[in-house]
Amino acid sequence: MNAVNAQQSTKFEGGCYCGALRYAADGEPLLRAQCHCRECQYLSGGAPHLFVLMPPGSFRYTKGTPKTFSRTDLEQPVIREFCAECGTHITTRRPDLGAIVLKIGTLDDPTLYGGPQMAIYTVDIQPFHHIPEGLPAFERMPPR
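The numbering of the sequence shown is my numbering, which starts it at 7 and goes up by one.
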């Protein structure tokens with residue numbers, strides 16, 4: 007079974023660093039990617055963010071309530087959800103996407119990610135970022 011098929015039948019579970027937030031996500035991932043945008047670099051401390059895009063109805067918090075931070079001044083406004091205790095960034099919600107951006111580092115088993123299908127926002131890539139050879143890369147978002 008390849009990584010995509012393994013993901014389709016897997017329940018994603020995870021949480022924050024301190025354990026105050028826990029979540030579960032069921033359903034087929036819409037996309038696996040790495041994002042090189044400046045927003046993600048700020049949130050990660052400089053690295054690109056690895057994420058899985060999940061249908062909104064597939065994700066729920068099973069413990070705790072996240073704190074939110076909104077940026078409405080961006081080209082694509084976002085709502086970031088994170089732990090109020092330890093600061094771990096769990097999700098990004100973009101109203102225009104109709105999906106939840108779930109951060110891979112918060113999964114109990116990050117190997118379920120299986121690797122990115124593409125790299126996005128490479129217009130902001132740093133010299134120390136790595137895009138795997140042969141991975142499709144887009145300066146911004148891919149065409150829909």
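We treat Cβ as the ideally placed atom computed from N, Cα and C, and that holds for glycine.
Would you kindly report the start and end of the unbroken alpha helix (DSSP H) that includes residue i?
i	result
Ser50	44-50
Starting from the C-beta of residue i, find all residues in its chain whose C-beta is less than 6 Å away, skip the five residues before and the five after it, and write them out in chain order.
i	result
Leu56	Gln40, Ile110
Cys22	Cys89, Cys92, Thr94
Phe144	Ile126
Val84	Arg77, Thr98, Arg100
Ile137	Ala125, Ala143
Glu19	Ala30, Asp114
Excluding the five sequence neighbours on either side, which residues of its own chain have a C-beta within less than 8 Å of the C-beta of residue i, listed in chain order?
i	result
Asp130	His42, Cys43, Arg44, Gln47
Pro142	Gln123, Met124, Ala125, Pro148
Can you tell me which of the options puts its alpha carbon nearest to the alpha carbon of residue i?
i	options	result
Thr74	Ile96, Pro61, Leu118, Gln123	Ile96
Leu59	Ile126, Thr68, Pro133, Ala90	Ile126
Leu108	Ala53, Pro61, Gln132, Gly140	Pro61
Met147	Ile137, Met124, Leu141, Glu139	Met124
Gly70	Thr128, Glu87, Gly63	Glu87
Arg150	Glu81, Leu103, Leu113, Gln82	Leu103
In the DSSP assignment, what residue or residues form a beta bridge with residue i?
i	result
Ser76	Ile85
Leu56	Gln40
Lys69	Arg28
Phe134	In the DSSP output, where bridge partners are listed per residue, Phe134 has none listed.
Given residue i, which residues of its chain have a CB within under 7 Å of its CB, disregarding the five upstream and five downstream residues?
i	result
Glu91	Cys24, Ala26
Lys17	Ala30, Asp32
Thr68	Arg28, Tyr29, Ala30
What are the boundary residues of the beta strand (DSSP E) that includes residue i?
i	result
Met147	Per DSSP, Met147 belongs to no beta strand (DSSP E) and is neither H nor E.
Ile110	Counting along the chain, Ile110 falls outside any beta strand (DSSP E), and DSSP gives it neither H nor E.
CA-CA distance, residue i and residue j?
i	j	result
Leu37	Asp79	26 Å
Arg99	His135	24 Å
Pro72	Ala53	23 Å
Val10	Ser50	Low per-residue confidence applies at Val10: pLDDT is 45, beneath 50, and the placement is therefore not dependable, though the value from the model is reported in the following sentence. Looking at the two C-alpha atoms, the distance is approximately 25 Å.
Glu34	Pro133	33 Å
Met7	Gly121	Note that Met7 has pLDDT 36, beneath the 50 cutoff, so the model's placement of it is unreliable and the number below is only indicative. Each residue's alpha carbon lies about 15 Å from the other.
Gln13	Pro116	Any reading at Gln13 needs caution, since the residue's pLDDT is 42, under 50, leaving its predicted position unreliable; the model's value is listed next. In a straight line, the C-alpha of Gln13 is about 11 Å away from that of Pro116.
Glu139	Thr128	14 Å
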